[in-house]
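Trainee:
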Amino acid sequence: MGWAAIRAQGRGRCSGEARCGRRGEGADRAAVMVKERIARALRLYKEAAGGGGSGGGWMVQVWAPVRDGARRVLATRGQPFVLASQCHRLFQYRTVSLTRVFPVGGAAAADKQGLPARAFDTGTPEWTPNVQCYGSGEYARISYALIYDIQGSLFLPILDPDDASSPLAVHELVSTVLRLRGSGEVANLCNTLEAISLSLSRSICN
1 MGWAAIRAQG
11 RGRCSGEARC
21 GRRGEGADRA
31 AVMVKERIAR
41 ALRLYKEAAG
51 GGGSGGGWMV
61 QVWAPVRDGA
71 RRVLATRGQP
81 FVLASQCHRL
91 FQYRTVSLTR
101 VFPVGGAAAA
111 DKQGLPARAF
121 DTGTPEWTPN
131 VQCYGSGEYA
141 RISYALIYDI
151 QGSLFLPILD
161 PDDASSPLAV
171 HELVSTVLRL
181 RGSGEVANLC
191 NTLEAISLSL
201 SRSICN
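Counting in full-length UniProt numbering, the sequence shown runs from 1 upward without gaps.
(1) Quick one, which of Ala49, Pro65, Cys87 and Leu200 has its alpha-carbon nearest leucine 159's?
(2) Just how far apart, CA to CA, sit isoleucine 147 and proline 65?
(3) Leaving out the 5 sequence neighbours to the left and right, which residues in its chain are closer than 6 angstroms to aspartate 121 when beta-carbon positions are compared?
(4) Just confirm the distance between the C-beta atoms of proline 129 and valine 170, as a whole number of angstroms; I'd bet it's less than 8 angstroms.
(5) In this structure, how does DSSP classify aspartate 121 when only helix, strand and coil are distinguished?
(6) Enumerate in chain order the residues of its own chain whose CB-to-CB distance from isoleucine 196 is below 6 angstroms, with the five nearest sequence positions on each side excluded.
(7) Can you have a look at threonine 192 and say buried or exposed, based on whether 16 or more other CB atoms are within 10 angstroms of its CB?
(8) Let me know if glutamate 47 comes out buried or exposed under the rule of 16 or more other beta-carbons within 10 Å of its beta-carbon.
(9) So who's on the other strand from alanine 169, going by DSSP bridges?
(10) Leaving out five residues before and five after alanine 187 in sequence, what residues of the same chain have Cβ atoms less than 6 angstroms from its Cβ?
(11) Pull up the distance between the alpha-carbon of lysine 35 and that of alanine 119, whole angstroms please.
(12) Under a Cβ-count criterion, where at least 16 other Cβ atoms within 10 Å of its own Cβ denotes burial, should glutamine 92 be classed as buried or exposed?
(13) Nearest-angstrom Cα distance between glycine 106 and arginine 71?
(14) Work out the CA separation of glycine 69 and glutamine 61 for me, nearest whole Å.
(15) Distance check for glutamine 113 and glycine 135, CA to CA, integer angstroms please.
(16) Could you work out which residue in Ser175, Asp149 and Thr124 is closest to glycine 57 when comparing CA atoms only?
(17) Between arginine 141 and serine 97, which are expected to be in contact by the criterion C-beta below 8 angstroms, what is the C-beta distance as a whole number of angstroms?
(18) I'd like to confirm the pairing. Which residues does DSSP put opposite arginine 141 in its beta bridges?
This is how it looks when you write it as structure tokens:
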């Protein structure tokens, strides 16, 4: 198998601070609501998957779009995540992920983009049974994946069913075991997102 853009200021610039403030507050509220819904979906996913899923430890974390200066990037800092169990290796990998951002919207060359950003920009999943087969250009956290024995990896764009033109965020599921199939995880994520009125790509969930 093999989150909304900020308009550039110009002619459409707000005419007053109060008006701009209301617009910004509205966008912030919408982002918080989406974040809360996704956090609920992750709790449901953990309940459905149980302690170990299909074997080994696993973690799901969310990559959401934010502004980093002039760039639009994906970041997981401040976003919800769940662990299958108190796995030290996965928690350390989560800590490393908090320091990373991935440019989206053409802000990086395709071979430097990273899997979360590629899944976000294309709206299609990125999956591999073993990230340890990748180089640093394809998987920016490869050195840490080797240290913490991260193997299976699945990136799934999260969509608003009422406007699927651009993903809201990307789910990343990583595992400490070699995963040759991701269908079970996809099915569980589809079901939990549908429960809170979000979705993955129809081609994935159907």
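Ideal Cβ placement from N, Cα and C applies to all residues, glycine included.
Mentor: Quick answer:
(1) Position 159 of the sequence shown, counted from the first residue, corresponds to residue 159. Nearest of Ala49, Pro65, Cys87 and Leu200 to leucine 159, Cα basis: Leu200.
(2) Here residue 147 refers to the residue found at position 147 when the sequence shown is read from its first residue. Here residue 65 refers to the residue found at position 65 when the sequence shown is read from its first residue. Answer to the nearest angstrom: the Cα atoms are 27 angstroms apart.
(3) Position 121 of the sequence shown, counted from the first residue, corresponds to residue 121. Only Val104 meet the Cβ criterion.
(4) Looking up residue 129 in the sequence shown gives position 129. Looking up residue 170 in the sequence shown gives position 170. Not a contact, Cβ separation roughly 19 angstroms.
(5) Here residue 121 refers to the residue found at position 121 of the sequence shown. Of the three classes helix, strand and coil, the one that applies to aspartate 121 here is helix, per DSSP.
(6) Position 196 of the sequence shown, counting from 1, holds the residue named residue 196. Here the set comprises Arg37, Arg40 and Ala41.
(7) Position 192 of the sequence shown, counting from 1, holds the residue named residue 192. Residue burial is scored here from C-beta neighbours: threonine 192 has at least 16 other C-beta atoms within 10 angstroms and is therefore classed as buried.
(8) Here residue 47 refers to the residue found at position 47 when the sequence shown is read from its first residue. So glutamate 47 ends up on the exposed side.
(9) Position 169 of the sequence shown holds residue 169. Note: alanine 169 sits in a beta bridge opposite Ile158.
(10) Here residue 187 is taken as the residue at index 187 of the sequence shown, counted from 1. Hits under 6 angstroms: none found.
(11) Here residue 35 is taken as the residue at index 35 of the sequence shown, counted from 1. Here residue 119 is taken as the residue at index 119 of the sequence shown, counted from 1. Whole-angstrom Cα-Cα distance: 19 angstroms.
(12) For this step, residue 92 is matched to residue 92 along the sequence shown. Answer is exposed; the Cβ neighbour count stays below 16.
(13) Looking up residue 106 in the sequence shown gives position 106. Looking up residue 71 in the sequence shown gives position 71. Taking the straight line joining both Cα atoms gives about 10 angstroms.
(14) Within the sequence shown, numbered from 1, the residue matching residue 61 stands at position 61. Within the sequence shown, numbered from 1, the residue matching residue 69 stands at position 69. Approximately 24 angstroms between the Cα atoms of the pair.
(15) On the sequence shown, residue 135 is found 135 positions in, with the first residue counted as 1. On the sequence shown, residue 113 is found 113 positions in, with the first residue counted as 1. Straight-line Cα distance between these residues: approximately 13 angstroms.
(16) In the sequence shown, residue 57 corresponds to position 57, counting from 1. Residue Ser175 is the option with its Cα nearest to glycine 57.
(17) For this step, residue 141 is matched to residue 141 along the sequence shown. For this step, residue 97 is matched to residue 97 along the sequence shown. The Cβ separation is near 7 angstroms, so the contact holds.
(18) In the sequence shown, residue 141 corresponds to position 141, counting from 1. Arginine 141 is not bridged to any residue.
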